[in-house]
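A.B. asks: Take this structure first; my questions come after.
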Amino acid sequence: MAKKQKICIVVASVIAIICIALMSVLLLTGGVSITGDGMYLKAFKAAAKNADEISMEINYKNADHTLTVSQTTEYTNRTGGELTEIFFHTYANAYNIESDFPPVSLSDQATAYPNGLSDGYLNIIDQIKMDGTAGMFQYENKDKTILKVLLPTPLKEGKTAEIYIKYRITLANVAHRLGFVGNTINLGSFYPVPAVFENGEWQVHEYSSNGDPFYNEIFNFDVEIETDTPFIIAHSGTSEEKTAEATREKHITASAIRDFAIVMSTDFKVLSAKSGDAMVNYFYILDKNPEASLKAAVDSVKTFSKTFCAYPYASLAVVETPFLHGGMEYGALVYISNAVSEPAEYERVIVHEIAHQWWFGIVGNDQTRTAWIDEGLAEYSCFVFYKLNPEYKSYDAKKTIENLQNNIVAYQKIVSGVNGEFDRSMSRDINEFNTPLEYVLATYSRGMLLFYNLSEIASFEKLNSGLSSFAKTNAFKFGTRENLVKALEKSCGTKLETYFEGWVSGASA
Ligand SMILES: [Zn+2]
């Protein structure tokens, strides 16, 4: 920073006008390098300034596990044409026990529902309005997870409308993204969220018990929550109220995040520590070694900030909670399942979920169709974390790679024996994988191997430098295979499309 300013002064003595221009750029970028973190931090500020806002007034009744929400979504038409309708995802309806695409697969039901099958759903309880005028709505699928709002007046390109929706959510008794178990309430993917408009159409998708069926833009959030019971409340974003104190109300704001979540419990204990500028808050109940978990979280933020790009948010909530799978990522908040009892595995889940703050969060992607990008990169980031932090001894990279390869070969043998073929392709719709294991092997395992092998071929440093530029260039937008390949080709100094095609199509081992 200082170096650039000195150069600027020298230039000023020669051509004053150029210096003024340079100084303006430096001021705009906070006085740091305009090609590195400076541009990226500028992108964060711009994203926070330009993102649409979702504001919610939430009233939670623990007595009957219902959530009544008045939501206003400030939606700007950036589709390139006039809009007469806006599509939202209403994921909360997937928890209806009649759903064709439920969050929990048949084989996981006994584990996920502690007291037997339980129903969850969302009811719209007032007229949907656009700028105060009532509009019509209809669900576009049987499961009612895709909502079409018909606008009372067309919304012109570049114009902003306020869409008001009031709804009540009944929570299922389930250890999942949205639901309650005992005294802990998971509020993830609960609110109606505008679908992405891309290639001339709304990118809508059925829910899935495979992976994370989401594809969301960045939003700002302003949320007020009130409850009938004092809870310790973990949340995306920041609030003025004390983190570790039980409360009946909280006002939360979050800037430029992909997905907003809250987890509340009467039983949480909290440990906090700074990682760079961010406050990492660890909420736990059962963890016998919370200091170690908090340290792994703090070190993850540090490592990925240094390797890829700075963590841009003021806080990160790491939450131990009842959850069917290992963990789940939200904007500035992650779930870590309290069912992961093995300490080394628990630590690895913390690292993986925090890596998603970069791969899903800062750089978004269509998780319904290219899950290998965020899952492959989150798995590869675990390898990066353990390689750069040798004091953590629980991860054996060589053994991990061997296990991944062996699992793929073993699965291939079994499947080939049954129906004679095994589809190893990675870019598939999440509902097109034949089994949950096939999904995991294609996206996590083969995704990890794709990036790990590249780190061996091109070098660990070159790959990470390419991922850093991929992150900075696509921050607060979406990362695609094309711009990933482009960034890595530049850093690795070689053509990579054939390499990627081999892996993604399933042709390469
Ligand atoms: Zn993941």
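Taken in order, the sequence shown gives residues 1357 to 1865; the numbers are from the working numbering. Where is the CB? At the ideal position from N, CA and C, for every residue including glycine.
(1) When you compare only the Cα positions, how much space is there between Val-1654 and Glu-1647?
(2) Taking buried to mean at least 16 other C-beta atoms within 10 Å of its own C-beta, is Ser-1463 buried or exposed?
(3) When burial is assigned at 16 or more other CB atoms within 10 Å of the CB, is Cys-1848 buried or exposed?
(4) Let me make sure I understand the geometry here. Which of Asn-1572, Gly-1535 and Thr-1432 has the alpha-carbon closest to that of Asn-1452?
(5) Run through the DSSP bridge pairs and tell me what Tyr-1431 is partnered with.
(6) Do Cys-1738 and Tyr-1751 have their beta-carbon atoms positioned less than 8 Å apart in this structure?
(7) Among the candidates Asp-1578, Lys-1512 and Val-1636, whose CA atom is the shortest distance from the CA of Ile-1706?
(8) Determine the extent of the alpha helix (DSSP H) in which His-1708 is found, giving its start and end residues.
(9) Evaluate contact between the stretch 1598-1617 and the stretch 1682-1691, counting only Cβ atoms and requiring at least three cross-stretch pairs below 8 Å.
(10) Given a cut-off of 8 Å on the beta-carbon distance, is the pair Glu-1677 and Asn-1542 in contact?
(11) Which residues does DSSP list as the beta-bridge partners of Gln-1494?
(12) Any idea what DSSP makes of Gly-1849, helix, strand or coil?
(13) Quick one: residues with CB closer than 6 Å to any heavy atom of ligand 1, in chain order, please.
(14) If we call anything under 8 Å between Cβ atoms a contact, is Leu-1438 one with Asp-1408?
(15) Return the chain-ordered ranges of every beta strand (DSSP E) run that is complete within the stretch 1400-1448 and spans a minimum of 3 residues.
(16) Determine the DSSP secondary structure at Lys-1522, reduced to helix, strand or coil.
(17) Roughly how many angstroms separate the alpha carbons of Glu-1554 and Tyr-1638, rounded to a whole number?
(18) Are the stretch 1395-1405 and the stretch 1566-1573 touching, with three or more C-beta to C-beta distances below 8 Å?
(19) Quick check: what's the CA-CA separation for Met-1782 versus Val-1675?
(20) If you draw a straight line from the alpha carbon of Leu-1378 to that of Leu-1819, how long is it in whole angstroms?
(21) Comparing C-alpha positions only, which one of Gly-1544, Ile-1525, Phe-1660 and Asp-1499 sits nearest to Val-1560?
(22) Buried or exposed for Thr-1854, going by 16 or more other Cβ atoms inside 10 Å?
(23) Using the C-alpha atoms, what's the distance from Leu-1806 back to Trp-1859?
(24) When the Cα of Asp-1730 is compared with those of Ala-1695, Leu-1744 and His-1712, which residue comes out closest?
(25) Return the CA-CA distance between Pro-1470 and Phe-1575, expressed in angstroms with no decimal places.
(26) Leaving out the 5 sequence neighbours to the left and right, which residues in its chain are closer than 8 Å to Leu-1793 when beta-carbon positions are compared?
(27) Based on Cα-Cα distance, which residue from Gly-1773, Tyr-1416, Ala-1402 and Glu-1496 lies nearest to Thr-1446?
(28) DSSP puts Trp-1714 in a beta bridge; with which residues?
(29) Is Asn-1830 buried or exposed, if buried means 16 or more other CB atoms sit within 10 Å of its CB?
(30) Please list the terminal residues of the continuous beta strand (DSSP E) segment that includes Tyr-1800.
(31) Helix, strand or coil: how does DSSP classify Pro-1586 here?
(32) For the stretch 1709-1766, list the alpha helix (DSSP H) runs that are entirely contained and at least 4 residues long, ordered along the chain.
(33) Is it right to say Leu-1642 is buried, meaning 16 or more other beta carbons lie within 10 angstroms of its own, or is it exposed?
(34) What is the rounded straight-line gap between the Cα of Ala-1448 and the Cα of Thr-1850?
(35) Could you give the first and the last residue of the continuous alpha helix (DSSP H) run that contains Phe-1816?
(36) Tell me whether Gln-1494 is buried or exposed, calling it buried when 16 or more other Cβ atoms sit within 10 Å of its Cβ.
C.D. replies: This is what the structure gives:
(1) Position 298 of the sequence shown, counted from the first residue, corresponds to residue 1654. Position 291 of the sequence shown, counted from the first residue, corresponds to residue 1647. One C-alpha to the other measures close to 10 Å.
(2) Here residue 1463 refers to the residue found at position 107 of the sequence shown. Per the 10 Å Cβ criterion, exposed.
(3) On the sequence shown, residue 1848 is found 492 positions in, with the first residue counted as 1. Cys-1848 sits buried, since 16 or more C-beta atoms from the chains shown fall within 10 Å of its C-beta.
(4) Along the sequence shown, one-based indexing puts residue 1452 at 96. Measuring from the Cα of Asn-1452, the nearest candidate turns out to be Gly-1535.
(5) Here residue 1431 refers to the residue found at position 75 of the sequence shown. Per DSSP, Ala-1517.
(6) What you label residue 1751 is simply residue 395 of the sequence shown in a count that begins at 1. What you label residue 1738 is simply residue 382 of the sequence shown in a count that begins at 1. Contact annotation: Tyr-1751 and Cys-1738 have beta-carbon atoms nearer than 8 Å.
(7) In the sequence shown, counting from the first residue as 1, residue 1706 sits at position 350. Among Asp-1578, Lys-1512 and Val-1636, the Cα nearest to that of Ile-1706 is on Val-1636.
(8) As a first step, residue 1708 is located in the sequence shown; it is residue number 352 there, counting from the start. Element bounds for His-1708: 1699-1711.
(9) Yes, since at least three Cβ pairs between the stretch 1598-1617 and the stretch 1682-1691 fall closer than 8 Å, the two stretches touch.
(10) Start at 1 with the first residue of the sequence shown, and residue 1677 comes out as number 321. Start at 1 with the first residue of the sequence shown, and residue 1542 comes out as number 186. The sequence shown places Thr at residue 1677, not Glu. At the C-beta level, Thr-1677 and Asn-1542 come within 8 Å of one another.
(11) One-based indexing of the sequence shown puts residue 1494 at position 138. DSSP lists Lys-1504 as partners of Gln-1494.
(12) If you number the sequence shown from 1, residue 1849 lands on position 493. In the structure shown, Gly-1849 sits in coil (DSSP, three-state: anything other than H, G, I, E or B).
(13) After applying the 6 Å Cβ criterion, the set is His-1708, His-1712, Glu-1731 and Ala-1734.
(14) For the purposes of this step, residue 1438 is taken as the residue at position 82 of the sequence shown. For the purposes of this step, residue 1408 is taken as the residue at position 52 of the sequence shown. For the record, residue 1438 in the displayed sequence is Glu; it is not Leu. Cβ atoms of Glu-1438 and Asp-1408: not closer than 8 Å.
(15) The stretch 1400-1448 contains these whole beta strand (DSSP E) runs: 1408-1417, 1422-1432 and 1439-1445.
(16) One-based indexing of the sequence shown puts residue 1522 at position 166. Reduced to three states, the DSSP call for Lys-1522 is strand.
(17) Here the question's residue 1554 lines up with position 198 in the sequence shown. Here the question's residue 1638 lines up with position 282 in the sequence shown. Per the coordinates, the alpha-carbon of Glu-1554 lies some 37 Å from the alpha-carbon of Tyr-1638.
(18) Segment contact: the stretch 1395-1405 against the stretch 1566-1573, fewer than three CB-CB distances shorter than 8 Å; contact not assigned.
(19) Indexing the sequence shown from 1 puts residue 1782 at position 426. Indexing the sequence shown from 1 puts residue 1675 at position 319. Distance between the alpha carbons of Met-1782 and Val-1675 is about 30 Å.
(20) One-based indexing of the sequence shown puts residue 1378 at position 22. One-based indexing of the sequence shown puts residue 1819 at position 463. Here Leu-1378 scores only 38 on pLDDT, less than 50, and its place in the model is too uncertain to base an answer on.
(21) As a working note, residue 1560 is residue 204 in the sequence shown. Taking each of Gly-1544, Ile-1525, Phe-1660 and Asp-1499 in turn and checking the Cα distance to Val-1560, the smallest one comes out for Asp-1499.
(22) Working through the sequence shown from its first residue, we reach residue 1854 at position 498. Burial check for Thr-1854: the Cβ neighbour count within 10 Å stays below 16, so the residue is exposed.
(23) If you number the sequence shown from 1, residue 1859 lands on position 503. If you number the sequence shown from 1, residue 1806 lands on position 450. Taking the Cα positions, Trp-1859 is about 7 Å away from Leu-1806.
(24) In the sequence shown, counting from the first residue as 1, residue 1730 sits at position 374. Per the Cα distances, His-1712.
(25) In the sequence shown, residue 1470 corresponds to position 114, counting from 1. In the sequence shown, residue 1575 corresponds to position 219, counting from 1. Going by the C-alpha atoms only, they are around 34 Å apart.
(26) Within the sequence shown, the letter at position 437 stands for residue 1793. Taken in chain order, the residues that qualify are Tyr-1767.
(27) For the purposes of this step, residue 1446 is identified with residue 90 of the sequence shown, where counting begins at 1. Minimum Cα distance to Thr-1446 is reached at Glu-1496.
(28) As a working mapping, residue 1714 is identified with position 358 in the sequence shown. Beta-bridge pairing links Trp-1714 to no other residue.
(29) Stepping through the sequence shown from its first residue, residue 1830 is reached at position 474. When all chains shown are included, Asn-1830 counts as buried.
(30) Residue mapping note: residue 1800 aligns to position 444 of the sequence shown, counting from 1. No beta strand (DSSP E) holds Tyr-1800; DSSP gives it neither H nor E.
(31) By one-based count along the sequence shown, residue 1586 stands at place 230. If DSSP states are grouped into helix, strand and coil, Pro-1586 belongs with the strands.
(32) Complete alpha helix (DSSP H) runs here, min 4: 1727-1744.
(33) To locate residue 1642, count along the sequence shown from 1; it is residue 286. Leu-1642 should be labelled exposed.
(34) For the purposes of this step, residue 1448 is taken as residue 92 along the sequence shown, with counting starting at 1. For the purposes of this step, residue 1850 is taken as residue 494 along the sequence shown, with counting starting at 1. Near 45 Å, if we compare the C-alpha coordinates of Thr-1850 and Ala-1448.
(35) The residue given as residue 1816 occupies position 460 in the sequence shown. Segment 1816-1830, the alpha helix (DSSP H) holding Phe-1816.
(36) Within the sequence shown, residue 1494 is the residue found at index 138, counting from 1. With a 10 Å radius around the Cβ and a threshold of 16 neighbouring Cβ atoms, Gln-1494 comes out exposed.
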